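So the structure is just underneath, and the comments pick up after that.
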Amino acid sequence: NDVDITGKGFFSTSLGISVTKSIIRSKFQILADVSWQHSFEKRYNEYFGERITYEYRKQPGEKFNYALTVNYIINSRHSVALSASGFFQDNYKLNSAEVNNTNERSTSFTAAYTFYPSIPFRITTSVKAGLPGKDIGKNAPGSTAYNINFTYYLPAIK
């Protein structure tokens with residue numbers, strides 16, 4: 003394993019719960035998600051292509067993810083959604099020692115509109131604004147994203 007400019011992933015495991023509650027049948031829903039993620043330590047033998055002779059082990063901190071979404075179904079062709087989501091992550095560990103000021107957190111807000119022109123097809127546009135805290139880490143975004151998604155559901159094969 004080597005540390006490279008493109009990065010190498012960590013094996014991780016997560017445990018979470020998702021809850022959906024319909025407030026007004028077929029009109030208004032609230033969804034909540036929470037999860038905890040543990041990443042396992044990774045050992046490296048190379049650093050940017052150069053062989054290293056010293057011990058280099060890295061492990062991301064424990065991570066807590068959260069999301070709260072509100073969906074409103076206007077009619078059979080239109081719906082809107084608002085959501086808030088983010089994460090908190092503890093400090094990284096390098097060779098089993100905690101590295102100070104490597105904790106991260108981020109919160110984002112998303113507004114989306116979905117149009118259903120036909121049963122198997124939908125178009126969703128969204129705007130997402132990331133609001134990192136003052137303890138931003140290098141992987142915590144603080145930007146705005148504009149998206150458009152086209153989804154087509156294939157019919158069941160019998």
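Residue numbering for the sequence shown follows the numbering used here, starting at 3 and increasing by one per position.
Each residue gets a CB set at the ideal place from its N, CA and C atoms; glycine is no exception.
Since we're looking at a predicted model, the values are computed, not measured.
PHE111 sits in a strand when the DSSP states are folded into three classes.
In this structure, the alpha-carbon of PHE117 lies about 11 Å from that of ILE150. As computed with DSSP, THR71 is found in a beta bridge with LEU33, SER85. Annotation for ASN151: the continuous beta strand (DSSP E) segment containing it runs 146-154. Taking the C-beta atoms as reference points, LYS60 is found nearer than 9 Å to TYR94.
SER78 sits in coil when the DSSP states are folded into three classes, being neither helix nor strand. By the criterion of at least three beta-carbon pairs nearer than 8 Å, the segment 19-28 is not in contact with the segment 46-56. Counting only residues of its own chain and dropping the five nearest sequence neighbours on each side, LEU17 has a CB closer than 6 Å to the CB of TRP38.
Note on GLU106: 16 or more other CB atoms within 10 angstroms of its CB, so buried under the neighbour-count rule.
As a beta-bridge residue in DSSP terms, ARG124 pairs with THR153.
TYR56 carries a coil assignment under DSSP once its states are collapsed to helix, strand and coil. Per DSSP, reduced to three states, the secondary structure at PRO62 is coil, with no helix or strand assignment. Nearest Cα to PHE152 within the set ALA69, LYS130, SER120, ARG27: SER120. Non-local beta-carbon contacts of THR127 in its own chain, meaning distances under 6 Å to residues more than five positions away in sequence, involve TYR115, ILE150 in chain order. One Cα belongs to PRO157, the other to ILE125, and the distance between them is close to 18 Å.
THR109 is not a Cβ neighbour of SER85, given a cutoff of 9 Å.
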